[in-house]
Each structure stands twice: as C-alpha cells, then as structure tokens.
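Trainee:
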Amino acid sequence: GAGVSQSPSNKVTEKGKDVELRCDPISGHTALYWYRQSLGQGLEFLIYFQGNSAPDKSGLPSDRFSAERTGGSVSTLTIQRTQQEDSAVYLCASSLEGLETYEQYFGPGTRLTVT
Amino acid sequence: AQSVTQLGSHVSVSEGALVLLRCNYSSSVPPYLFWYVQYPNQGLQLLLKYTSAATLVKGINGFEAEFKKSETSFHLTKPSAHMSDAAEYFCAVTGYGNNRLAFGKGNQVVVIP
C-alpha cells in the first residue's frame, strides 16, 4: 500500500518568508509525528498528533513553528519568518496508534533551504 | 527522559566482514529500542525493534541486535557486510509513557569492496 508522502520534496525560500510543508500519513494511522533532521542537531522530535486529542507541541523550537492536522489525516507544518537555522530535512511519520512500541513509518522528507 | 549514544560517526567495513554498530541507552523507565536505516534521499526504514519480549531481535536484511540491560546496550550486528548495506544507521529509544523517538547521532556505514 501507499506509504507516508510529503510535499514538496525540496523547498528553497528566502529568509523571512513563510513556508508550509505537507504530510499525508498512511491511511488508517491515527498517530502522526514531525521530526527535523539537521547537521548540527541530528534528528529531533517536533510535534505529535493522536486522533482528536490536543497535539504534543513540546518539541517545537520556537513560536514561529506551528502545525495542524485536518480531519485526522493530512498535516501541515508551517514555519513563519524563516531563518537560516531552519534549514533542515523535515520528516513526517505515522503509526497505527500512538503507543511507544509501535513502528513509526517515515516519509521521504522535505529538504528546506533558507537563503 | 530517554537518550541513546552512538559512537563513531563513520564506520568502514570490508565486504564480507562483520558489521557492528554500538548503541547505549539511558532511560528512567523500561526502554523500547529501535534501529532505523536511511538510504540517500530517503526516509527512515525500520530494521528491528526491542519491545521487552526476546532480548535477541532479528530484523530485515540479515541484521540482529541484542538487548543487554546490565550494559544498557542494544548493539546492531550483521555477520557479513554487503555493498547494499552502505547507508546511515540510527539507534532510537522510546519508553513507557513516551512515544517520541529519541535518536542517536547516527553511523554512516561505508562498505569497502
């Protein structure tokens, strides 16, 4: 079946602009995660959605970052007023449920470059 | 909170030789441990996981790992390296009540013909 998809695959933006990154999870997966992969920080958790519960935003690095998940499916990560340190690969993952032992399936990522 | 440590960012191994990637964890609750592989320009793919059943876990592509509580380790091994094993490997941990993956820095594996 179809895996996790993300768009765009690459995004180049100017410092100060806003960007939106999209994630389509595997159908039927109730849990959705965003992670960031950068050279300096490695792989970091950003935010977690589970069903209709309030999201766990504890990993978001600043208030310029926000995310939403509409209809329990597609998610959008928004970065406002982008900075050069936001340059990274943004990975989305989904799992059947939000249990600690469940495999998280990752998308191919969106590579964001802020110039 | 949970964390993992992977030493040696780059690992070179000869084709046919043993692959050994080390992972040590720290966790205040019983840990669940994962090894993921990332090929260039791709997402992460699960190799294997430990979720408190058997301590010796077998995964895909001939990889296996052993959970050793006394050593707080979850090292990944493969008896004979293949050229297709060249990739980056990440150890990660979750714990009871915490489903956010905490990743190590990764090991870039190079296979020498």
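Chains Z and W are the protein sequences, given in the same order.
Going by the numbering used here, the first sequence opens with residue 164, and the numbers climb by one from there.
Going by the numbering used here, the second sequence opens with residue 264, and the numbers climb by one from there.
Idealized CB from N, CA, C, for every residue including glycine.
Counting only the same chain and skipping the five closest in sequence on each side, list residues whose C-beta sits under 7 Å from that of residue 171 of chain Z.
Mentor: So the list reads 273, once near-sequence residues are dropped.
Trainee: In or out: residue 244 of chain Z buried (at least 16 other Cβ within 10 Å) or exposed?
Mentor: So residue 244 of chain Z counts as exposed.
Trainee: Using 10 angstroms around the beta-carbon of residue 310 of chain W, count the other beta-carbons present and answer buried if the total reaches 16, otherwise exposed.
Mentor: Counting Cβ neighbours within 10 Å, residue 310 of chain W comes out buried, since at least 16 surround it.
Trainee: Taking the C-alpha atoms as reference points, what is the distance between residue 226 of chain Z and residue 242 of chain Z?
Mentor: Cα to Cα, residue 226 of chain Z sits roughly 9 Å from residue 242 of chain Z.
Trainee: Give a yes or no on whether the minimum CB-CB distance between residue 335 of chain W and chain Z is below 8 Å.
Mentor: Chain Z, which has no Cβ nearer than 8 Å to the Cβ of residue 335 of chain W, makes this no.
Trainee: If contact means a Cβ-Cβ distance below 9 Å, which residues of the stretch 205-220 of chain Z contact chain W?
Mentor: Taking 9 Å as the Cβ-Cβ cut-off against chain W, the residues of the stretch 205-220 of chain Z that qualify are 205, 206, 207, 208, 211, 213 and 219.
Trainee: In angstroms, rounded to a whole number, what distance separates the CA positions of residue 365 of chain W and residue 210 of chain Z?
Mentor: So the two alpha carbons sit approximately 13 Å from each other.
Trainee: Taking beta-carbon pairs under 7 Å, can you tell me which members of the stretch 310-333 of chain W lie near chain Z?
Mentor: The stretch 310-333 of chain W vs chain Z, Cβ under 7 Å: 312 and 314.
Trainee: Assuming residue 258 of chain Z and residue 194 of chain Z form a contact by the criterion Cβ under 8 Å, report the distance between their Cβ atoms to the nearest whole angstrom.
Mentor: Between residue 194 of chain Z and residue 258 of chain Z the Cβ distance is about 5 Å, and since that is below 8 Å, they are a contact.
Trainee: Return the residues of the stretch 250-271 of chain Z that lie within a Cβ-Cβ distance of less than 7 Å from chain W, sorted by chain order.
Mentor: Residues 254, 261, 262, 263, 264, 266, 267, 269, 270 and 271.
Trainee: Rounded to whole angstroms, what is the Cα-Cα separation between residue 201 of chain Z and residue 174 of chain Z?
Mentor: Going from the Cα of residue 201 of chain Z to the Cα of residue 174 of chain Z covers about 15 Å.
Trainee: Can at least three beta-carbon pairs, one atom from the stretch 264-272 of chain W and one from the stretch 177-194 of chain Z, be found at a separation below 8 Å?
Mentor: Segments in contact, no.
Trainee: Can you tell me whether residue 357 of chain W is buried or exposed? The criterion is at least 16 other CB atoms within 10 Å of its CB, across all chains shown.
Mentor: When all chains shown are included, residue 357 of chain W counts as buried.
Trainee: I'd like to know if residue 288 of chain W contacts chain Z, where contact means its C-beta is closer than 8 Å to some C-beta of that chain.
Mentor: No - not a single Cβ of chain Z is within 8 Å of the one on residue 288 of chain W.
Trainee: Between the beta-carbon of residue 340 of chain W and the beta-carbon of residue 282 of chain W, is there less than 8 Å?
Mentor: Yes, the Cβ-Cβ distance between residue 340 of chain W and residue 282 of chain W is below 8 Å.
Trainee: Compare the C-beta of residue 341 of chain W against all C-beta atoms of chain Z and say whether one is closer than 8 Å.
Mentor: Judged by the 8 Å Cβ criterion, residue 341 of chain W is not in contact with chain Z.
Trainee: Would you identify the three-state DSSP class for residue 348 of chain W, choosing helix, strand or coil?
Mentor: Correct three-state label for residue 348 of chain W: helix.
Trainee: Helix, strand or coil for residue 325 of chain W per DSSP?
Mentor: Three-state DSSP puts residue 325 of chain W in a helix.
Trainee: Distance check for residue 346 of chain W and residue 275 of chain Z, CA to CA, integer angstroms please.
Mentor: Approximately 30 Å between the Cα atoms of the pair.
Trainee: Whole angstroms is fine: what's the gap from residue 368 of chain W's alpha carbon to residue 375 of chain W's?
Mentor: If you take the alpha carbons of residue 368 of chain W and residue 375 of chain W, they lie about 22 Å apart.
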